[in-house]
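First comes the structure, then the notes that go with it.
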Amino acid sequence: MILKFFVEPCVYQRKLYVLIAPRQGGIDGLCMVLRRLAYPCRLEDLEYIFGRSKTELSLIINEVLDYIHDNHCHLLSDFNMSWLSQESLERFADAVFDRDGPLDSCWGFIDGTVRPICRPQENQRLVFNGHKRSHALKFQSIVTPNGIISNLFGPLEGRRHDAGMLRESDILTQMRVHMTSPEGRIFCIYGDPAYPVTDGYIIAPFRGGVISRNQMIFNKRMSACEDIRGDPDKLESPTAGMICRFVFPRLEALQGVARTNPSNLP
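The numbering of the sequence shown is the numbering used here, which starts it at 1140 and goes up by one.
Listed below in structure tokens is the structure:
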């Protein structure tokens, strides 16, 4: 179990704090977070479920979210993980190839996702995404054939281009170390035309007004692998599963950069 702690509000000098301490099997705070994210509900609705006041619930939920981020965010940024071992990469590449993919070494798909937010009072241009015509934050994710997001970078301002996010994420440096087998085989990821073809580690569709028939077939077959939906045994988009399970992040009115200068976002 990754998360083992309990949460308990306490009062010190007339101020309410949240105490977090280790405890085997303590999942009260985690249950509150999951219930809050799973469906749009008011804190008043959670009072009847968990028997705590709105103030306590708000403090606990925010504290648990900070705890998860501070202690486990590296799981989505480091390629040196057991689920991205050479054996796992080979299984992922075989799964893509078995789906009639033309590449025999593609282990995942990279894409940028735009998450709309409410219009900020200041610095609106920094977070405005011209393609989606909305104020937003952008994330970059890599999904593997088992439907798991293995790498996540962001948020960045909504105006950023996918190629710019790729450069800032610096995942190519990690891929050159961890995505090359001892025999010299390069395991690559596939992205949309916004991504540059880089040293064989990132593959993109053939572009241009005139491409050959074989190039068209390549694009079509890879697009079919990337766009499979619905079946848990098939590939799914990087954020489709998360958004379906946790509705709260897609409620635009609740997502904002309140009093935060978007230019200071990491």
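A virtual CB, placed ideally from N, CA and C, is assigned to each residue, including glycine.
Exposure label - Trp1246; buried when at least 16 CB within 10 Å: buried
Close-in-space but distant-in-sequence residues of the same chain around Arg1346 (CB under 6 Å, 5 per side omitted): Pro1332
Any non-hydrogen atom of the ligand SAH closer than 7 Å to Asp1184 Cβ: Absence of the ligand SAH is noted for the structure shown, with no ligands found whatsoever.
Sub-8 Å separation of Gly1251 and Met1304 beta-carbons: yes
Gln1279: first and last residue of the uninterrupted beta strand (DSSP E) it sits in: Ser1273 to Val1282
Burial state of Gly1339 (16 or more Cβ within 10 Å): exposed
Inter-residue Cα distance where the pair is Val1266 and Pro1321: 43 Å
Nearest-angstrom Cβ-Cβ length linking Ala1232 and Asp1243, presumed shorter than 8 Å: 6 Å
6 Å Cβ shell around Thr1319 - same chain, five flanking residues per side excluded: Ile1325
Residues that DSSP places opposite Asp1250 in a beta bridge: Ser1280
Given Leu1223 as reference, the closest of Arg1299, Arg1352, Ile1341 and Asn1290 once Cα atoms are compared: Asn1290
Pick from Ile1288, Leu1204 and Ser1273 that is closest to Met1220, judged by C-alpha positions: Ile1288
Distance CB(Cys1327)-CB(Ile1341) smaller than 8 Å: yes
Contact check, His1274 vs Pro1259, beta carbons under 8 Å: yes
Backbone CA spacing between Asn1210 and Pro1335 [nearest angstrom]: 33 Å
Selected residue, minimal CA-CA separation from Thr1095, among Asp1301, Glu1296 and Thr1337: Given that the chain is displayed from residue 1140 to residue 1405, the structure contains no residue 1095 and the question cannot be resolved.
Integer Cβ distance of Met1171 from Ile1199, believed to fall under 8 Å: 6 Å
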